[in-house]
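Working notes for the structure below.
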Amino acid sequence: MRLLSIKYRLLILLTLILGAGFMATSLASYLASRQAIEHGIADQTLPLTGDNIYSEIQKDMLRPVFISSLMAHDTFVRDWILAGENKPEQIVRYLAEVKKKYGAITSFLVSDKSSKYYYAEGTLKSVSPQATRDIWYYRVRAMEQTDYETNVDVDMANRDSMTIFINHRVYDYDGQFIGATGIGLTLATMSHIIDRYQARFHRNIYFVDGAGMLVLAGKTMRNGHGNIRSLPGVNAIAEQIINHQSEPTHLSYQLGRAQILVNSRFIPELGWYLVVEQNVSDEVQSLQRVFIFNLAISFGVTLLVLLLTLLTVNRYQRRIERIASTDALTGLLNRQSLELLFQRAMLLSKRNEQPMSAILFDIDFFKRVNDTHGHLWGDKVIRGVADVARATVRESDVITRWGGEEYLVLLNNCSLAQAAEVAENLRAAIEHHDFGLPAPELPVTISLGVAEYRPEESESAFFSRADSALYQAKHHGRNGVHAA
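Right, dumping it as structure tokens:
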């Protein structure tokens, strides 16, 4: 029972050590890898992505700025305005050609002298300081620090569709303001460009203006209108994004359980902030799968080690129990084991009200065998007697080596008369068995004492009566059976 307790304590301790070791190793590896991924994204991947996207923007979104600049510096435009705006069809054809050539949704020219708004299909209107929709022109007219602006507004020439206008100031040859020109791109067109960036770089990309208003976004944020100060998560770093710094800014925020890394930069050509976001959780998911896989392997290895340990412990436990409970020379149970078995047999006899008997016997004149042929032959005789006894008694009977050349047989559900009959059969079997002793061949016989267990009798008293019966068998000439 103590061995069993030690075994399970060993298994529990081994499980805790292996489990804690594997868990600590896997967790440390996971945390180190996650930290490396986060630093890699924040310090390398995201800034490089921002640089690449900025380069793409210079090709895609800044192209309209350059086109507007070319229009503003075109001598034809200047000369036509300075000549008194005669033949409007000439400027209309010019604007139509620009629109067609560069794929713009609109191209326009507003003359400061006549206040007329020309576009690719003619004269749209005359601008007025009192008209709300014409505020943009007077804002451009009043600009001093820059020659152009980008503006998201409705396009009257295209059914009020949302359009990104590049409004560029036009000067005469003396540097005096004479009007504004430029082109417009639909918001949808620009949003598709953002979608292309997002699909290519696998990042969330959007633009905000200096006030924090969401100007352009891909499909992941297309429904997100308003100010980033009111958007969940990003509102915590909104002020840091719109910091008017030309250098990229590296930030992060929490959105639910996800950590979002942010790279933002101001694009002076557009007057907007480019914001690139990456969800670290997306990158960590594969790492989590590896972590879970490692834990599964660790669990399997732990089970395998525990199984092998259990098999090894059980094997050694059985070996130890066998060594502790059996006689090494004969393979019979030893006296200590019989004492344990006797308690169970006694309780079983009482509960079932069945008789129980014992046969105590030893080898007659065994010392002569040792003295004549030596101890090796003596050991062979002891083993031979044990083998004959095993073959003679019932399978349910328990045979033990009581000590030296003495043996005891415990017979369950067996009366005194039945036990005496078994003893006689055993005596005769030993007497007629050939033990193969060399000459001079000595006879091998046994004397047997038989006793039946009495209710409430102690173990020592029961075996003492069997021993007394054995003594009587020896006293009456040996090679005989005596019942107590």
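Going by the numbering used here, the first residue of the sequence shown is number 1046, and it counts up by one from there.
We put the beta carbon where it would ideally sit given N, CA and C, even for glycine.
None of the values given here were measured: they were computed from a predicted structure.
Integer-rounded CB distance, given that residue j should sit under 8 Å from residue i
i: Leu1383; j: Leu1461; result: In fact, because the Cβ distance is near 20 Å, the residues do not count as touching under 8 Å.
i: Ile1126; j: Ser1171; result: Actually they do not touch by this definition, with Cβ atoms about 15 Å apart.
i: Glu1451; j: Asp1407; result: 4 Å
i: Leu1386; j: Val1438; result: In fact, because the Cβ distance is near 15 Å, the residues do not count as touching under 8 Å.
i: Ile1246; j: Ile1098; result: For the sequence presented, residue 1246 should be read as Phe rather than Ile. With a Cβ gap of about 6 Å, Phe1246 and Ile1098 count as contacting.
i: Tyr1139; j: Phe1121; result: 7 Å
i: Glu1501; j: Pro1400; result: Contact flag wrong, Cβ pair sits at about 14 Å.
i: Arg1413; j: Leu1487; result: 6 Å
i: Ala1465; j: Ala1528; result: 5 Å
i: Ser1206; j: Thr1231; result: 6 Å
i: Tyr1163; j: Pro1133; result: 7 Å
Residue i - partner residues in DSSP beta bridges
i: Lys1170; result: Tyr1162
i: Val1443; result: Leu1455
i: Gly1129; result: According to DSSP, which records beta bridges pairwise, Gly1129 is partnered with nothing at all.
i: Ile1228; result: Ser1152 and Ile1211
i: Gln1323; result: Leu1306
i: Asp1198; result: Thr1208
i: Ile1250; result: Val1321
i: Leu1276; result: Answer is none; Leu1276 lacks a bridge partner.
i: Thr1371; result: Leu1378
Buried/exposed call for residue i, threshold 16 Cβ in 10 Å
i: Gln1243; result: buried
i: Gly1481; result: exposed
i: Met1046; result: Annotation note: pLDDT 48 at Met1046 (below 50); position unreliable, no value reported.
i: Asp1409; result: buried
i: Asn1288; result: exposed
i: Asp1219; result: exposed
i: Gly1271; result: exposed
i: His1248; result: For the record, residue 1248 in the displayed sequence is Arg; it is not His. Burial call: buried.
i: Arg1510; result: buried
i: Arg1214; result: buried
i: Asn1470; result: exposed
i: Ala1262; result: buried
i: Ser1402; result: buried
i: Gly1429; result: buried
i: Asp1372; result: buried
i: Ala1468; result: buried
i: Asp1200; result: buried
i: Glu1194; result: buried
i: Ser1100; result: exposed
i: Ile1228; result: buried
i: Ser1530; result: The question about residue 1530 has no answer, for the chain in this structure spans 1046 to 1529.
Helix, strand or coil at residue i according to DSSP, with G and I counted as helix
i: Leu1405; result: strand
i: Phe1508; result: helix
i: Asp1124; result: helix
i: Thr1294; result: strand
i: Gln1463; result: helix
i: Gly1257; result: coil
i: Val1489; result: coil
i: Gly1154; result: Per the sequence shown, the amino acid found at residue 1154 is Leu instead of Gly. In the structure shown, Leu1154 sits in a strand (DSSP, three-state: E or B).
i: Met1046; result: Note on Met1046: pLDDT 48, under 50, position unreliable in the model; no value is reported.
i: His1213; result: strand
i: Gln1299; result: strand
i: Asn1288; result: coil
i: Gly1525; result: coil
i: Gly1494; result: strand
i: Phe1222; result: strand
i: Ala1262; result: strand
i: Phe1067; result: helix
i: Phe1311; result: strand
i: Leu1378; result: strand
i: Thr1347; result: helix
i: Thr1354; result: helix
i: Gly1449; result: coil
Check whether residue i and residue j have beta carbons under 9 Å apart
i: Val1495; j: Ile1475; result: no
i: Arg1123; j: Tyr1216; result: yes
i: Phe1508; j: Leu1405; result: yes
i: Val1321; j: Ile1282; result: no
i: Gly1278; j: Leu1300; result: yes
i: Ser1113; j: Thr1226; result: yes
i: Ile1150; j: Thr1191; result: no
i: Leu1315; j: Val1110; result: yes
i: Gly1064; j: Ser1331; result: no
i: Gly1257; j: Ile1238; result: no
i: Arg1446; j: Thr1375; result: yes
i: Asn1457; j: Ile1491; result: no
i: Thr1354; j: Leu1061; result: no
i: Ser1152; j: Glu1130; result: no
i: Ala1165; j: Ala1141; result: yes
i: Trp1181; j: Asn1212; result: yes
i: Phe1252; j: Ser1071; result: no
beta-carbon residue i near the ligand ZN non-hydrogen atom, thresh 8 Å
i: Arg1204; result: For the ligand ZN, the structure offers nothing, since it holds no ligand at all.
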